[in-house]
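>
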Amino acid sequence: MDSSTIADRRRLRRKLSFWRIIAVLLVLGIALAAYGFWFQDTGTSRPHVAHVTISGLITDNDELLERLAKIEKNDAVKAVVVSISSPGGTTYGGERIFKAIRAIAAKKPVVSDVRTLAASAGYMIATAGDMIIAGDSSITGSIGVIFQYPQVKPLLDKLGVSMEEIKSSPLKAEPSPFHPASEEAKAMINNMIVDSYGWFVDLVADRRKLPREEVLKLADGTIFTGRQALKVKLIDQLGDDKDIRAYLATRNVSKDLPEIDWDKKSSTPFLLAGATSQILQLLGYGDLVKGQDLTGILPQKLLLDGLVSVWQVGRE
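According to this note's numbering, the sequence shown is numbered sequentially starting from 9.
1) Can you tell me whether residue 138 is helix, strand or coil according to DSSP?
2) Find the nearest neighbour of residue 76 within the set 57, 108, 174, 121, judged by alpha-carbon distance.
3) Below 8 Å on the Cβ atoms is my contact criterion, and I expect residue 224 with residue 240 to pass it. Report the Cβ-Cβ distance as a whole number of Å.
4) Which residues does DSSP list as the beta-bridge partners of residue 267?
5) For residue 98 versus residue 67, is the C-beta spacing smaller than 8 Å?
6) Going along the chain, which residues of its own chain have a beta-carbon closer than 8 Å to the beta-carbon of residue 219, five neighbours each way excluded?
7) Out of 86, 217, 154, 205, which one is the CA nearest neighbour of residue 58?
8) Less than 8 Å between the beta carbons of residue 122 and residue 146, yes or no?
9) Does the Cβ of residue 116 have 16 or more other Cβ atoms within 10 Å, making it buried, or fewer, making it exposed?
10) According to DSSP, is residue 111 part of a helix, a strand, or is it coil?
11) For the alpha helix (DSSP H) containing residue 208, list its first residue and its last residue.
12) Using only the alpha-carbon positions, how far apart do residue 263 and residue 88 sit?
13) What do you reckon, are the CB atoms on residue 92 and residue 53 nearer than 8 Å?
14) Exposed or buried, residue 83, counting other C-beta atoms within 10 Å across all chains shown (16 or more means buried)?
15) Just the Cα atoms here: how many angstroms apart are residue 304 and residue 112?
16) Just to confirm, are residue 171 and residue 164 a CB contact at a threshold of 8 Å?
17) Quick check: what's the CA-CA separation for residue 301 versus residue 254?
18) Just reading off the beta strand (DSSP E) that residue 121 is part of, what are its end residues?
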């Protein structure tokens with residue numbers, strides 16, 4: 009047998025060994041993923057307090073709504089703690105989440121836990137709880153609605169470009185970024201904002217048991233610290249996790265019940281990739297597969313469509 013044949017056989021053996029290792033790792037990954045799902049299901053089947061985190065920009069989030077619906081129907085969930093860290097988002101997105109939490113509150117106690125920031129639609133969601141607890145320095149409030157659109161006509165004028173249009177009626181597709189809004193278009197948008205704003209104010213007045221006139225004074229877009237919000241009755245109490253459990257104890261929810269996170273879990277492919285990645289790193293192949301990095305390539309929603317209830321963080 010010549011040397012080239014021996015070298016070819018050695019290369020073939022190395023390739024076979026490599027793919028055998030990969031196959032074993034995939035099987036282990038699938039087993040770990042299955043175990044993770046089994047453990048999660050059994051954990052939420054025993055009596056517990058469910059914990060849900062709502063963070064970032066609020067949008068029309070079907071996954072979150074489905075999760076809240078499962079919590080509502082799960083008899084093992086004896087109470088719910090909703091931790092909110094959000095500057096707000098779309099008014100409609102906040103409305104749907106608000107209604108989903110109120111459906112839960114009709115069956116079991118719900119506490120809204122205001123963290124660093126729960127403003128605009130974030131505060132709207134917080135009002136769905138039976139009790140709102142915030143930190144001394146938490147930021148909340150910013151009750152209001154805004155509609156924004158870009159105006160690029162000055163730029164187009166400089167470039168010597170114009171946008172022509174033919175439409176069925178003067179208010180169709182208004183306001184437009186290609187020309188200043190007419191007074192009629194401004195009035196149309198203003199009427200829409202005023203209507204949504206009135207709905208938001210009525211919601212706060214109803215949930216906080218405050219006169220509408222008093223809420224109107226607070227609903228000028230002002231943000232409040234937790235201490236300030238307590239004084240004007242936008243929240244119920246300053247506190248932390250211990251105070252939340254103390255309140256739930258008054259609602260016959262034992263302090264001994266475990267609190268289980270119902271936050272979004274990775275899907276099976278990502279669980280598999282994560283488990284495989286960890287095993288490969290232990291075996292020294294960390295650079296070969298980086299499963300945990302897969303979630304980093306998912307696009308984030310950067311634009312909010314429709315009426316917006318948001319506190320503009322970092323705006324210059």
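Yeah, the Cβ is synthetic: ideal placement off N, Cα and C, and Gly gets one too. Keep in mind the model is a prediction, meaning the values are calculated, not measured.
Reading from the atomic positions:
1) Reduced to three states, the DSSP call for residue 138 is coil.
2) 108
3) The Cβ separation is near 12 Å, so there is no contact.
4) 57
5) yes
6) 213
7) Cα-wise, what sits closest to residue 58 is 86.
8) Using a Cβ distance threshold of 8 Å, residue 122 and residue 146 count as a contacting pair.
9) buried
10) It is helical.
11) Taken as a continuous stretch (DSSP letters only), the alpha helix (DSSP H) holding residue 208 covers 191–216.
12) 13 Å
13) No, Cβ-Cβ distance for residue 92 and residue 53 is not below 8 Å.
14) exposed
15) Unreliable placement is indicated for residue 304, whose pLDDT of 43 sits below 50; the coordinate value is still reported in the next sentence. If you take the alpha carbons of residue 304 and residue 112, they lie about 32 Å apart.
16) yes
17) Any reading at residue 301 must be qualified, since the residue scores a pLDDT of 44, below 50, and its modelled position is unreliable; no value is offered.
18) 118–127
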